[in-house]
Amino acid sequence: MIITYEDIIIKTLTRVLAPFLQLYALYVIAHGHYSPGGGFQGGVILAASFILMVISFGLDTARRRLSEKADIIFLCLGLLIYSGTGALCLALGGNFLDYSQLVKVFPVTVAKARALGILFVETGVGFGVMAVMTSLVYDISTGGLPPERE
Amino acid sequence: MVNMQQFFMGVSIALSFLVLLCLYRAILGPFITNRIVGVGAIGTKTLIVLLLMGFIYDRVDMFVDISIVYALLNFIGTLAAAKYFEMRGEV
Numbered sequence: 001m002i003i004t005y006e007d008i009i010i011k012t013l014t015r016v017l018a019p020f021l022q023l024y025a026l027y028v029i030a031h032g033h034y035s036p037g038g039g040f041q042g043g044v045i046l047a048a049s050f051i052l053m054v055i056s057f058g059l060d061t062a063r064r065r066l067s068e069k070a071d072i073i074f075l076c077l078g079l080l081i082y083s084g085t086g087a088l089c090l091a092l093g094g095n096f097l098d099y100s101q102l103v104k105v106f107p108v109t110v111a112k113a114r115a116l117g118i119l120f121v122e123t124g125v126g127f128g129v130m131a132v133m134t135s136l137v138y139d140i141s142t143g144g145l146p147p148e149r150e
Numbered sequence: 001m002v003n004m005q006q007f008f009m010g011v012s013i014a015l016s017f018l019v020l021l022c023l024y025r026a027i028l029g030p031f032i033t034n035r036i037v038g039v040g041a042i043g044t045k046t047l048i049v050l051l052l053m054g055f056i057y058d059r060v061d062m063f064v065d066i067s068i069v070y071a072l073l074n075f076i077g078t079l080a081a082a083k084y085f086e087m088r089g090e091v
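Which chain is which? The protein sequence lines are A and B, in order.
Start counting the first sequence at 1; every next residue gets the next number (our numbering).
Start counting the second sequence at 1; every next residue gets the next number (our numbering).
This is the structure we're talking about:
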């Protein structure tokens, strides 16, 4: 169990840093196909902002911002986006994650469709990784017990 | 006459040597605080070496992204270690 304590430097720094951290994570996810990074790294940075919140403001405040139920919903949403993109390509007559088949749904060229497909998949991976990392920290700091039995 | 790439390479090697000194403090440091500060200093030096590698390969725009992430995660790691050892009452 993580105890809270009054530390004005850490708390102020977290309050300033967390939004920029999340914005930077979205940048890493969105620019993953032509700069270092991508879905996994962006998801980890996004989770780092919640981990920072757990460390500095305590577990209860962090869970008020992102409850465990919302965490599971994000996890399933990420998995749904990832596998949904792959299955859509499969349903349109290509292989699994064959993004060029997306031209039959979206009015773009083949090259644009590939970039769009990679963006979809990386968004899904980012959501999933963020949810899993945050869930791991919640589980470690509560000892794995459900919220009502702590 | 050394060109800029050789200069950056020399600076990187010198910083890598300094990392060894910080590693000595991080492994053999008598107290927890010495170790935390040693690991933090290693992280900062790694960040600078990453940027210098960016200058050597002429792709600074790529390496800046990595080094920002490295700085943030280094900060969070130091904070987590400090909090953990404070809870155990060893500081």
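Glycine included, C-beta positions come from ideal geometry on N, C-alpha and C.
These numbers were taken from a predicted model, which means no experiment stands behind them.
Residue burial is scored here from C-beta neighbours: C22/B has at least 16 other C-beta atoms within 10 angstroms and is therefore classed as buried. One Cα belongs to F120/A, the other to N34/B, and the distance between them is close to 45 Å. The continuous alpha helix (DSSP H) containing F74/A extends over residues E68 to A91.
Contacts between D58/B and chain A, judged by CB atoms closer than 8 Å, are missing: the closest CB pair is about 15 Å apart. M133/A and L97/A have their C-alpha atoms spaced approximately 25 Å apart.
Neighbours of I68/B in chain A, taken as residues whose beta carbon is under 9 Å from its own, are Y24 in chain order. Spatial neighbours of T14/A in its own chain (CB-CB distance under 6 Å, excluding positions within 5 residues in sequence) are listed in chain order as L52 and S56. Taking the CA atoms as reference points, D61/B sits about 32 Å from A82/B. In this structure, Y70/B sits away from L52/B, with a CB-CB distance that is not shorter than 8 Å. A residue is called buried once 16 or more other Cβ atoms fall within 10 Å of its Cβ, and M130/A is buried on that count. Between A48/A and L73/B, the CB-CB gap stays under 8 Å.
Under the 10 Å beta carbon count, L28/B is surrounded by fewer than 16 other beta carbons and is classified as exposed. By the Cβ-count criterion, E122/A is buried, with 16 or more other Cβ atoms from all chains shown falling within 10 Å of its own Cβ.
Classified as buried, S12/B has 16 or more neighbouring CB atoms from the shown chains inside 10 Å of its CB.
Runs of the alpha helix (DSSP H) lying entirely within the stretch 19–71 of chain B and spanning at least 4 residues, in chain order: 32–56. For C89/A, the closest C-alpha among the options G78/A, G117/A and G39/A is that of G117/A.
For the C-beta of L73/B, the chain A residues within less than 9 Å are, from N- to C-terminus, V44, I45 and A48.
At least 8 Å separates the CB of K45/B from every CB of chain A. Going by C-alpha positions, I68/B is about 31 Å away from P30/B. In the assembly as shown, L23/A is an exposed residue. Its beta-carbon has fewer than 16 other beta-carbons within 10 Å. Annotated as proximal: L46/A and G126/A, with beta-carbon spacing under 8 Å. Collapsing the DSSP output to three states places G117/A in a helix.
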